[in-house]
Amino acid sequence: MDKQQTPSPRVTGRTDEAATPQKSVPQQAEEPQTAAEREEKRARRRRLRRHGQHSWIGHTQNAHNHGARVGRVSSSSRSRRALKHGGMQSSRAAKICRRVVAPILTVAAIVCGVFGWLSAGPWKPNPVATATATIATQYGATDPGVLPLVNTRVAIAATASHPFCLAVASAQDADGWLASTRYTRVTGLTDWTHLQTRSTLLQASADESESDSVSEPTSPKDANPEQPLERNTSVAFKDSDLWRTVRCARSVSMTWTGDRNSHDVIIIDTQTSEHHSNPVTLSLSWKRTDTSNTPRIFGVCALLLLLAAILFATVFSLAPYRRRKAKRLIDAERDPASSEGTDVKKVAGEDAPRWVNDHILSRRKREGRRRHAGRSASAGSASRHEKKQNGLARLSAIFRHSKQKTSVPSSTSLHPAVSDVGNANMVARLQQQNRSHTASTATPSAQSTDTGITQSSSLSGPAGSTGPINPQPASHHPTDADVREYLRRLSQEELGTSGLERDQGLDADTHFFAPIQQGAQHGKTSTTNSSTTNPATSDKSDQENHEDHEKEHDSDDE
Amino acid sequence: MTNNKKTIAHRNLFRVVSAVALSACVVGGIGACGTPVPQPSRQSASAQVTPSVTVEQARRIENQIYACVHQADQKKDVHALQTRLSGPELAIRSAQLQIEKSSKKSDPRMTIPRSIRQRVVPINSDWPRSIFVITSTTADQQSGRLLVFNQQKAHDNYRLWGLVRLFSGIRLPQFEVPSIGSKQGTAQDSGLVMTPQQAVRLYARAMQQADKTIPAKIEKDQFLTSLGDLESSVQKGVAANAGSQSQVFTPDVSDLKIMRSADGGDLVVARIDSVWMRSAGEGRQAQPASDAEKALFGGQKATSSIRVRYVNVVALYVPPAAKNATVRAVGAEREPVEAKAL
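Next comes the structure, spelled out in structure tokens:
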């Protein structure tokens, strides 16, 4: 939109992006304070309070570019409507997020947390699993694999009203003992507190029956009846050589330790007879090794749900436009110098070379100036190139009344002017700086082709790139005071780094942009006095440039 | 306006309640899952290949047997042997005790050293089970003993079934360590020079022909040599008296204690009974030929014939089938158990 060139009476304008400052602006006082202007001022203050933006350039342009503000009015109201419409839709989604989803997630997180706490506390499973069973038959035995069922270490405890015997043996030894006997088998766990039992009759193996028949040694032809016969009666349970360990009492407790593949079993002789029954209560206790993950799972779920709830309640429920960073912060980042009263620091860092700092500063200034020059409300529609051109044109128009270069002045510097700090010629630079500053304020830096060192190019390169400074363009109506103020601020901004000033031997108080008619010469003179002799190579170009500028000044001065 | 607010409030309440209910259902569903109980792995007991007894169990068995033997030795009580002895050793030891009692002389062959040099533990799951124990040499430098503990059935205990004195300087085959266990052999084991049953029979024949040529597959050992010398001398004496003598060796092949060695051979411990009939000439009396026989004979009236029963226990090593492999005895024991005048 080409609003910046159209002169029109100043009217109240509103735009979110080009909020204007309300700080002291002397030039305002000189204008007729109409009611509209007062209204505008109030509106601006309100905007400022809301957005907190300060831009002296914007304000200055407000002072000069009435038309821009007009254009801005229409565009801004359009943008507001557009934003509102889009914001309506997004705010509905935000509402849903905030009012429906977030509470659900919060409640779910709380419930998870509660369950996790319960699982870890009151509902925590017993770390020791004790399972019991009662053996009523004469013999009872566990199956192989039952002893190391839960853990490789088990505490065995058995009690009965009468003495009984409990032995630990291998599974085959127990089977041999229990052959042809009905006994109670402990096969496993029904649950964590009960052992599973079964009544079984173990068939005798064939070898057993054969060995019984040959229990007597085959006697030779003439059997000797006097030969002492061995006793072939069965040994008592507790005397058997089969058991690894055997205990006989009314209450037996022992600990068994082995590996998971062990075939050891417990065999119990309850010594039940026809006269009395002696049921034995057997209990096996293991320390449970399966750590319950339930509390952990619940805790993790609760945290995740809580995080999601927080996200939904805050980030997702924001309207899209609100999610964007506050404009004033963005502007502050891009153009800190445009804020009133802010000191331009070494934005590139302490160790960065001067030209980097200069470049950043000039770029910021450029972008800020272009923005405040009346860019369209839909940000980002203009390309950078266009912006540069617009800003350049505006600036040229401000300071040059005859020459208006709307195109990119590429004639003067066709190559990027690389400044090698090591090879810098301070004297030459000073001279050039004087000339360049008298000729134009920031137009050299607006050379779009020179993406590198714009500030130094204005100092070391050909200074007369864009023509003389015209502080009184015919198209604009700045007063001398305005111009002075403007230039003063410009000088402060451009040469904001203390090092730069020092290197150039410039005094911060020195005004390069003294009254244009005479100021250029004076400024130049005052600065060249402090510089050393120029090298011969740059003398000629300096002289030429100087002459050119002088000519232009002369032409302008009329 | 109020209605609107109420509606909103109701809606909010409904939302909250539904959220809580849904969450509780889901979370409770997850939490209701309990840990399942573990199940024992179903493995048959016969798949076990661990030794039948642990070393501690073996030591306990030895201690009990030694205690029994020692007690019987002290009291010279034959009946005390019956709790922990069986087989040929029961017969031999009973006779030895009897001899000791009557002759009032202790038999050094009855000494059983307490220190164990090697245990050979079986790994099979059936009965009868045998444990071979090799002792060290005795205090008086007698050679070590090979003890055979036998458990006939599950309801029985291990008993000292056989005891042989190892030949001096003999090299025994290698066996697996007790933590691994060795397999028990059978009478019909193949892959050897001959089956254990054949080896025992052959050795019995060799004993029969001790004073003559012994079968080729049997290696001549000191036991056979001494047996041959004994027979020769007795034969000479009997022949001088115009008498006769004969000894018949009968192996008990149904009750062999066999343990497989690590090199694939079999160590066979067998009982070979022998009956020695000696007849004196006309008008002569057949007398006991040794102190032991004399002790056993006791106060019987000597007649022209005497029958002495011997129990021989031999330990044979049957090597794996190979060229020029022979069966050799590693130890033997011979004891008269009865002497009777006929």
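Here the protein sequences line up with chains Y and C, keeping their order. In terms of my numbering, the first sequence opens at residue 7 and continues consecutively. In terms of my numbering, the second sequence opens at residue 735 and continues consecutively. Note that CB positions come from ideal geometry on N, CA and C, so glycine has one too.
Residue-level contact to chain C via CB, residue i, 7 Å cutoff
| i | result |
| --- | --- |
| Y:Ile-110 | yes |
| Y:Leu-155 | yes |
| Y:Asp-364 | no |
| Y:Ser-291 | no |
| Y:Val-241 | yes |
| Y:Leu-195 | yes |
| Y:Trp-183 | yes |
| Y:Val-113 | yes |
| Y:Val-107 | no |
Integer Cβ distance of residue i from residue j, believed to fall under 8 Å
| i | j | result |
| --- | --- | --- |
| Y:Leu-201 | Y:Thr-138 | 6 Å |
| C:Ile-833 | C:Ala-1004 | 24 Å between Cβ atoms; not a contact. |
| C:Pro-985 | C:Val-1064 | With a Cβ gap of about 17 Å, C:Pro-985 and C:Val-1064 do not count as contacting. |
| Y:Asp-149 | C:Pro-774 | 6 Å |
| C:Gly-896 | C:Val-1047 | 5 Å |
Straight-line gap, residue i to residue j (C-alpha atoms, nearest Å)
| i | j | result |
| --- | --- | --- |
| C:Pro-842 | Y:Thr-193 | 54 Å |
| Y:Ala-49 | Y:Arg-55 | 10 Å |
| Y:Gly-151 | Y:Asp-265 | 10 Å |
| C:Arg-853 | C:Pro-770 | 45 Å |
| Y:Pro-128 | Y:Gly-122 | 10 Å |
| C:Val-982 | Y:Arg-188 | 49 Å |
| C:Ile-952 | C:Gly-962 | 14 Å |
| C:Ala-753 | Y:Leu-124 | 20 Å |
| Y:His-168 | Y:Val-113 | 59 Å |
| C:Lys-970 | C:Ala-1055 | 40 Å |
| Y:Asp-247 | Y:Val-258 | 20 Å |
| C:Gly-919 | C:Leu-894 | 19 Å |
| Y:His-196 | C:Ile-795 | A small fix is needed here, since residue 196 of chain Y is Thr in this sequence, not His. Taking the straight line from one Cα to the other gives about 39 Å. |
| Y:Glu-497 | Y:Pro-359 | According to the sequence as given, residue 497 of chain Y is Ser; it is not Glu. Between Y:Ser-497 and Y:Pro-359, the C-alpha separation is close to 20 Å. |
| Y:Arg-53 | Y:Glu-46 | 10 Å |
| Y:Ser-499 | Y:Arg-44 | Checking the sequence, you will find Glu at residue 499 of chain Y rather than Ser. Those two C-alpha atoms are separated by around 30 Å. |
| Y:Thr-136 | Y:Asn-157 | 12 Å |
| Y:Ala-51 | Y:Thr-320 | For the record, residue 51 of chain Y in the displayed sequence is Arg; it is not Ala. When rounded, the distance between both Cα atoms is 30 Å. |
| C:Val-798 | C:Ile-904 | Here residue 798 of chain C is Gln; the residue named in the question, Val, does not match the sequence. Looking at the two C-alpha atoms, the distance is approximately 29 Å. |
Which of helix, strand or coil DSSP assigns to residue i
| i | result |
| --- | --- |
| Y:Ser-125 | helix |
| C:Glu-1072 | strand |
| Y:Ile-316 | helix |
| C:Ser-966 | helix |
| Y:His-168 | strand |
| Y:His-200 | strand |
| C:Phe-957 | helix |
| Y:Thr-261 | strand |
| C:Arg-1041 | strand |
| C:Pro-985 | strand |
| C:Gln-885 | strand |
| Y:Gly-146 | strand |
| Y:Glu-356 | coil |
| C:Phe-866 | strand |
| C:Pro-770 | coil |
| Y:Val-117 | helix |
| Y:Arg-48 | helix |
| C:Pro-1053 | coil |
Residue i at chain Y interface by Cβ criterion, 7 Å
| i | result |
| --- | --- |
| C:Pro-1070 | no |
| C:Tyr-892 | yes |
| C:Thr-1143 | The structure shown does not extend to residue 1143 of chain C, since chain C is modelled only from 735 to 1076, so the question has no answer here. |
| C:Gln-830 | no |
| C:Val-771 | yes |
| C:Val-754 | yes |
| C:Ile-795 | yes |
| C:His-889 | yes |
| C:Pro-774 | yes |
| C:Ala-758 | yes |
| C:Ser-980 | no |
Report task. Determine contact between the stretch 299 to 307 of chain Y and the stretch 271 to 291 of chain Y, defined as no fewer than three beta-carbon pairs at a distance below 8 Å. Result -> Flag = no, the stretch 299 to 307 of chain Y and the stretch 271 to 291 of chain Y do not touch.
Query raised in the report: So does the stretch 157 to 168 of chain Y actually touch the stretch 267 to 282 of chain Y, counting three or more Cβ pairs closer than 8 Å?
Result: yes
Query - Cβ pair count under 8 Å reaching 3, the stretch 1026 to 1040 of chain C against the stretch 904 to 918 of chain C - result: The stretch 1026 to 1040 of chain C vs the stretch 904 to 918 of chain C: no contact.
Query - Three or more C-beta pairs below 8 Å linking the stretch 848 to 865 of chain C and the stretch 884 to 904 of chain C - result: Touching, yes, given that three or more Cβ pairs across the two stretches are closer than 8 Å.
**Report entry** the stretch 995 to 1010 of chain C / the stretch 929 to 945 of chain C touching (three or more Cβ pairs under 8 Å)
**Finding:** yes
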